[in-house]
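Residue numbers (the working numbering), protein chains in the order written: chain Y, 1 to 461; chain U, 1 to 461; chain G, 1 to 461; chain F, 1 to 461.
4 protein chains.
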Amino acid sequence: MTTADAAFVDPLLDPIFMDADMSALFTPRAFFQRMLDVEAALARAQADLGVIPKSVAKPIAAACRADLYDFNAIGTTATDAGNLAIPMVKALTAAVDGKAKGFVHWGATSQDIVDTATVLQIKDALALFDQRLRRLGDGLATMVKRHRRTPMVGRTWLQHALPTTFGLKAAGWLDVVLRHGERLDEVRRRAVALQFGGASGTLASLGEAGMAVAERLAKHLGLTVAATPWHTGRDRVAEVAALGGLITGTLGKIARDVSLMMQTDVGEVFEAAASGRGGSSTMPHKRNPVACASILAAATMVPGLVATMLTAQVQEHERAAGTWSAEWPTLPDILKLTGGALLRTADLIDGLEIDARRMRQNLDATGGLILAEAVMMTLGERIGRGEAHHLLETASRKAIAERRHLRDVLANDEHITRHLDEGTLKRLFDPLAYLGSAQQFVDRALAAYRRRPKQTKPRER
Amino acid sequence: MTTADAAFVDPLLDPIFMDADMSALFTPRAFFQRMLDVEAALARAQADLGVIPKSVAKPIAAACRADLYDFNAIGTTATDAGNLAIPMVKALTAAVDGKAKGFVHWGATSQDIVDTATVLQIKDALALFDQRLRRLGDGLATMVKRHRRTPMVGRTWLQHALPTTFGLKAAGWLDVVLRHGERLDEVRRRAVALQFGGASGTLASLGEAGMAVAERLAKHLGLTVAATPWHTGRDRVAEVAALGGLITGTLGKIARDVSLMMQTDVGEVFEAAASGRGGSSTMPHKRNPVACASILAAATMVPGLVATMLTAQVQEHERAAGTWSAEWPTLPDILKLTGGALLRTADLIDGLEIDARRMRQNLDATGGLILAEAVMMTLGERIGRGEAHHLLETASRKAIAERRHLRDVLANDEHITRHLDEGTLKRLFDPLAYLGSAQQFVDRALAAYRRRPKQTKPRER
Amino acid sequence: MTTADAAFVDPLLDPIFMDADMSALFTPRAFFQRMLDVEAALARAQADLGVIPKSVAKPIAAACRADLYDFNAIGTTATDAGNLAIPMVKALTAAVDGKAKGFVHWGATSQDIVDTATVLQIKDALALFDQRLRRLGDGLATMVKRHRRTPMVGRTWLQHALPTTFGLKAAGWLDVVLRHGERLDEVRRRAVALQFGGASGTLASLGEAGMAVAERLAKHLGLTVAATPWHTGRDRVAEVAALGGLITGTLGKIARDVSLMMQTDVGEVFEAAASGRGGSSTMPHKRNPVACASILAAATMVPGLVATMLTAQVQEHERAAGTWSAEWPTLPDILKLTGGALLRTADLIDGLEIDARRMRQNLDATGGLILAEAVMMTLGERIGRGEAHHLLETASRKAIAERRHLRDVLANDEHITRHLDEGTLKRLFDPLAYLGSAQQFVDRALAAYRRRPKQTKPRER
Amino acid sequence: MTTADAAFVDPLLDPIFMDADMSALFTPRAFFQRMLDVEAALARAQADLGVIPKSVAKPIAAACRADLYDFNAIGTTATDAGNLAIPMVKALTAAVDGKAKGFVHWGATSQDIVDTATVLQIKDALALFDQRLRRLGDGLATMVKRHRRTPMVGRTWLQHALPTTFGLKAAGWLDVVLRHGERLDEVRRRAVALQFGGASGTLASLGEAGMAVAERLAKHLGLTVAATPWHTGRDRVAEVAALGGLITGTLGKIARDVSLMMQTDVGEVFEAAASGRGGSSTMPHKRNPVACASILAAATMVPGLVATMLTAQVQEHERAAGTWSAEWPTLPDILKLTGGALLRTADLIDGLEIDARRMRQNLDATGGLILAEAVMMTLGERIGRGEAHHLLETASRKAIAERRHLRDVLANDEHITRHLDEGTLKRLFDPLAYLGSAQQFVDRALAAYRRRPKQTKPRER
């Protein structure tokens, strides 16, 4: 294995997500091969149309294999050249014999190659996103169905508020994940566009043949033809970046919730136990939220990278001096972080251990106060809201002061018992009885899940 | 006029864009009124359904007029309360008499009100964006048509590269603007959703009536009903922010191009002259790109704000402690900056003065070198590419060394004249003759413009 | 009170921090007055030196009162003019009579005025920061001393790890806060510099008198004289912004810790109770971390704003077209958020209620496992680390399985009791006995606190 | 050479700056070796003090050579473990024989190792920054001295404003660069601090010996001892990041200026010509600002990365779950980009070709209007400012309308010639005669350059 194939190229990014599929898309070799793929398809398209001699396409394509080149040497000269395509074209030309040498990279500009290679990476990355979003959606839907009636504390401002169910919490996560699926489809439709404009965006050196070559080239690469060259119209790549920012934010929210529920002090859910994972022999009670931390790291890093991509849209005239280059390392980092976070979250959800008993216990941690509102609402229907509020407030204070369960205090208060008998009181303290529209929300999220298109495919625009 | 109505509330942001329509959406009064609109619609919806007494809706609605309240006093207490809806509800309740007092804000949580008020602002802001994007598209399309054959220098890396036309440059701008129209429509469909979940997202205190109230309330406000409450599922607002980032980046690109073309050293286009605008009595040659600067300022500011919105998606459990609050000032700033930049860019394009003569002169600034490639391509067809390249390279060096026009050098070089006669040479130095697919790209952009949907309307999802 | 004085100008930012002192620095009126202060001082400095007639300084100064002007009208024209100083100078000139009219703004450029007015705001803002950082340091030092021996759970990865003390935790906060004091002093020394360069940075129109005017003007305003005009050398303001980012990050960390300790599930500390603050009549157990949320909001918002300021350093030639404008609203927002967060954190720390009993209870929540390592270390000294590790691991698993306290398990295990008697075991389960260097760390932080310079003053450079 | 040594590890970041010295600091192997250096020094320090047996330090140190390990394998398991130190310690322990095995990593926590290894990288990176900042300062000072009287157009808003000199422009760059030297020294003093706190920041398992080990360890590594462990007090690393943001912003400003001056339309300066650099055989007039583009790319990317580091300061309790991990790839990227941009800028300045003749020509491009103010000021002294202004305005309009040089118009206007004779007029149109305090500003910047400390060394704090 050579340098360029290394799965572990980054000592600090890769440990966050060991994501072989996504990393493989972004090795030096992989990018190099993408550029060569574009050159080969270009020669083939032009030979098809007679723009260059039919005979030269084959030898050019034969030289378009990344393993023929020394990436380190080429990468080193890219700094002075200004981008990676320039020395690549030089190396490719040197590798091609005779007549074909003169027809390498015909009519194209280096940005055509770099951008189109990037679009090919985007296409593959989005396919992985799609797959993983679907897997995550499936995992969440299963969890929603299983736990739609598992009561737990609803927490606002990090405080116990009112009961909810774990299924509803997960339905909220699912609902957002499904919208990301919609967005992915929309973004993809715009993003998978060929870049092909030549030296200043007119395809001048191809004379009348420019559009025909573009159409054929796009077809060979499985891309759409943009209305105009987009050398300095960067909305497509910026939008892919923004999608990454939206997705990782959602995954960060899920990971935050899970890590908070995993606190030793809460103990409601746990990442799947695995050997060598978050454990400690001398601290056996520790279950470190290792996956959550990775996901949260991605959610912390991606927004700044998205800001860079948005800023970099300001590109001068027909080719930028600086802002284009700023995209090169930034977009792949966003894609790797988003893809990695998606994989980790799908794994997290699939393996999540849920302690429904502890959830139930935590509901009781405030001695029934969490259901004071439920009692008050029912009591209010009988004696008026104001009076009910007053009685409950007094009883709650008493419960706190005397460290008793609110139900006991109420059961011994004749102002209450004259309106609410023991059975009623007991029922009112059942968290499942005070869930309002929770089940309907769950149903709505599941309905959206079922409506999810079977398979999203890039459509032409 | 009171404080809350002030058009000029920000000493430093407002001078960048004096945008009365957009500013009016975001005054303290306007936001306050939006919150009251939600409360009024809530009372009305609940009265419709018999959830609260029919008689109380009217007095509540009557109190929902912002001019009845002292915003400063209310704003001051919001800090301790935690958000602006809490003291607003208190003030509203105080303003309502008798029985109705008990039914203000029934079943809702303060975030329901703040978020829905924000969505109402978003809806209006997006309508302005749409209008302005269309106006900008119209202006650009007119410019494209008028200048599709106005030759100018194509510049890459800030260097003269090959000829292009001003119409093609503008077509590149137009192409992106049209895609923003598509995005706006997609984003809007998702964004205009009611927030309504009650204290912990279950609408518990409304018992069985929750969904019915939600449907009715959404209808009164012209919003869609979300599948689940989205108190901590923030993709909708984050996506609106990201759209702002995508749009301002494009506008920044246009403004950068225009400001570079406006350089004293280039002089190809100018912002419309206006009294008190960018002029200087002692420096009458100055035409400051004042509008461009505003637009570029927006493009510089918005990405960081978008990063904040993306980061803020990580919200805990059923209501966040901190990240939700971070959205409050950030999203309005993004909307104001995007809206302002759109208005300024539409004005800029409509008023742009184009100096086609100077464009033509600048094409000649390099003494014909800009068309060396055109000559070489034609010559190459006759004597082979290698030989043609060699001859042109020699002639170009000579032209530079002797400060002569390349055409003169070539016309006096018999290696050239034996293949290219005077007429051919003259034609080869016509920039309009070396534009490749430029006109087809222009046509494609205009076709996309004509395909633009007549009017985008929010559809239900 | 007119618009420009409004304390409550921003419906969404101000509710996060109602900070009258900081807001007062940044009202439209305040900024306007600062600009007028610069003009008055300029006239006075030039009259002192005979650059303008002595008689005109007084009438100019007399007109330099913000309440004489209609900010809304002036702000409105700023958009076309390009910045706020241009219409201000026009209004000021109109307000001055006779001969003096010709000497308003003599030799200055509008950026000189806007930047110097901003520096005056920075100076005042940094003075408030200093005050508040000191107050926060005092509060933390008091807390450190009081709780240096209050044991609590040390948490890593949100899991119970080993014991620590609340004093050590606070010492870690204090340590960082003290370094911010150092930074503030360093940044201030560079930041409080006069901007004065005239139309293109040469003070050309002042002939030989430029430097003398600059020196005198700086003296009148209490600023230093920069080595060169810094119209497009923006490191000073960017550094002030970065300082804001560093400080709010630290405050966010404190607020995160406090909000996590305030969780209903943890209950170790609480924000000071206040009427109308974070309470809920029907949920009396809730103690919302309202102040923490504000501080965390600031920590979420400032980084993106700092990125804008860093990006905006790229300013063209002698005056920028766009990036300078981007600073205008951004820097004040950073200063307001940092100042507000400092005030809120100082208040938070001063009012924090600490429940040492609950801290102690939480230490026991894992049934002694948190001290397994302490036992193992002592046992290891006697029987070797490997054997000790093995015994403790077995005992810990047993404790978990049987839901017993680890101490009980060990006290009934003769493999243990033959080496550790009851008294030793008891002592080993005292969290205060397993704190390593905690007290020394506390002493080191307090020593740094005592070394803190009594008062930081801007020094010339 | 194995993967981990690869100079060219990043297909997209490295081409922007081929910077062997900086890249070498951040290879997987280099980071791994740093971690091992910390482990070796720890064993040595503890053996010195008798905390572990003297005999074990040597075998541990002998195993602390990165080339003994398979980084890919170790990196792969880091994802599950949570950080890179955990599998490293496991591998190191496996590599050590017998008794020593039990004393590897004694008393430390994995974050101690990762953070201290990072500090060692920071220390080396800052040394490179210092070197390069000095070289850049030297280059700029030379340029300032050489061109202090080379007149050129001062440009504001990208428009010709008044004359300046190239030396003054460079003095403005130099002035900022010198302040960065000051900042570097201040930041370094705080940053080079040992991280050493053990499992929860108390060094509990070292009993009484903690501080002594810390002191000795710091000495071995050439670091200072922090007052308290800073596992979640991240101001030091955030400040290093912010410094990177401040520096790259300045470099971006220089690169922007240079790239604008390099425009074909301006032609005042050029990057040093180099083979394979920015050239084009068919477009010999092109001199692409390749180095400027790299520097601008860095200035575009770093701000978003700094925002991430600022955001990541919010770390929970005694060890964070997520935000710490976010620092890992972010800080090295900032350091690499800053270091690379410094190198490129120092090279750029050293090799910059200046075309003083073109600068002089461009001053005349507006036909003398650029000196209208100079004439007006002198005339004003004789006939009053108002009258002078009126005459110059009229003459300027005439010059523009008739496309004549302003000097000619004035020389033929008797209203003028009666006050200004031919010699005076000629002198007034000498740009060097209207430079105000330019030479004094230059002297002040050079004085600051001479005051620069000879060598900055980290001092203890």
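Built from N, CA and C at the ideal position, the CB exists for glycine as well.
- At least one CB of chain G lies nearer than 8 Å to the CB of Y:Asn362.
- Any Cβ of chain F closer than 8 Å to the Cβ of U:Lys286 would place that residue at the interface, and such an atom is present.
- Cβ contact annotation for U:Gly201 (same chain, cutoff 7 Å, sequence separation greater than five): Pro229, His231 and Glu318, in chain order.
- With a threshold of 16 other beta carbon atoms within 10 Å, U:Pro53 falls short and is exposed.
- F:Ile247 sits in a helix when the DSSP states are folded into three classes.
- Closer than 8 Å to the CB of F:Met376 there is not a single CB belonging to chain Y.
- A straight line joining the alpha-carbon of G:Ala273 with that of G:Pro289 spans about 10 Å.
- Nearest to G:Ala226 by alpha-carbon distance, out of F:Gly423, F:Val266 and F:Arg444, is F:Arg444.
- Relative to U:Lys286, the option among F:Glu373, F:Glu271 and F:Glu316 whose CA is nearest is F:Glu373.
- Its chain contains Ala125, Leu128, Leu335, Lys336, Gly339, Gly340 and Leu343 as the residues whose beta carbon lies nearer than 8 Å to that of F:Met22, once the 5 sequence neighbours on both sides are disregarded; these appear in chain order.
- At a cut-off of 8 Å, the C-beta of G:Val240 has no neighbouring C-beta in chain Y.
- Unbroken beta strand (DSSP E) stretches of 3 residues or longer found wholly inside the stretch 104-169 of chain Y: 151-156 and 159-165, given in chain order.
- Residue-level contact check: U:Thr156 touches chain Y, since one or more beta carbons of chain Y fall below 8 Å from its beta carbon.
- Neighbourhood of G:Met35 in chain F, by CB distance below 8 Å: empty, with the nearest CB roughly 19 Å away.
- Only buried fits F:Glu327, as 16 or more other CB atoms lie within 10 angstroms of its CB.
- Take the alpha-carbon of G:Met152 and the one of U:Asp112: they are about 38 Å apart.
- Contact check for F:Arg149 against F:Gly172 fails: the beta carbons are separated by 8 Å or more.
- When beta bridges are read from the DSSP output, F:Phe270 appears opposite F:Glu353.
- For Y:Thr224, the beta-bridge partners assigned by DSSP are Y:Ala193.
- U:Ala242 is the residue among U:Leu68, U:Val237 and U:Ala242 whose C-alpha sits nearest the C-alpha of Y:Asp235.
- Distances from the alpha-carbon of U:Tyr69 to those of U:Ala85, U:Ser55, U:Ala91 and U:Thr77 put U:Ala91 closest.
- Here the stretch 435-449 of chain F makes contact with the stretch 191-211 of chain G; the two share three or more CB pairs at distances below 8 Å.
- Contact with chain U is absent for F:Asp355, since none of that chain's Cβ atoms lies less than 8 Å from the residue's Cβ.
- Between the stretch 302-310 of chain G and the stretch 302-309 of chain U, the count of C-beta pairs closer than 8 Å reaches three or more; the two stretches touch.
- Y:Arg451 sits in a helix when the DSSP states are folded into three classes.
- If you check each beta-carbon in the stretch 131-154 of chain U against every beta-carbon of chain Y, the ones closer than 7 Å belong to Gly154.
- Contacts between F:Ser259 and chain U, judged by CB atoms closer than 7 Å, involve Leu158 in chain order.
- Sequence-distant Cβ neighbours of F:Arg407 in its own chain, meaning closer than 8 Å and more than five residues away, are Gly368, Leu425, Lys426 and Phe429.
- Taking U:Glu353 as the centre and dropping the five residues before and after it, the same chain places the C-beta of Val269, Phe270 and Ala272 closer than 7 Å to its C-beta, in chain order.
- It is roughly 20 Å from the alpha-carbon of U:Arg65 to the alpha-carbon of U:Thr109.
- If the five residues before and after G:Gly267 are omitted, its C-beta is found closer than 7 Å to the C-beta atoms of Asp355 and Arg358, all from its own chain and listed in chain order.
- Annotated as proximal: G:Val177 and G:Thr250, with beta-carbon spacing under 8 Å.
- Take Y:Pro332, set aside five residues on each side of it, and the residues of its chain with a beta-carbon closer than 6 Å to its own are Phe26, in chain order.
- For F:Asp443, the nearest beta carbon of chain U is not closer than 8 Å to its own beta carbon.
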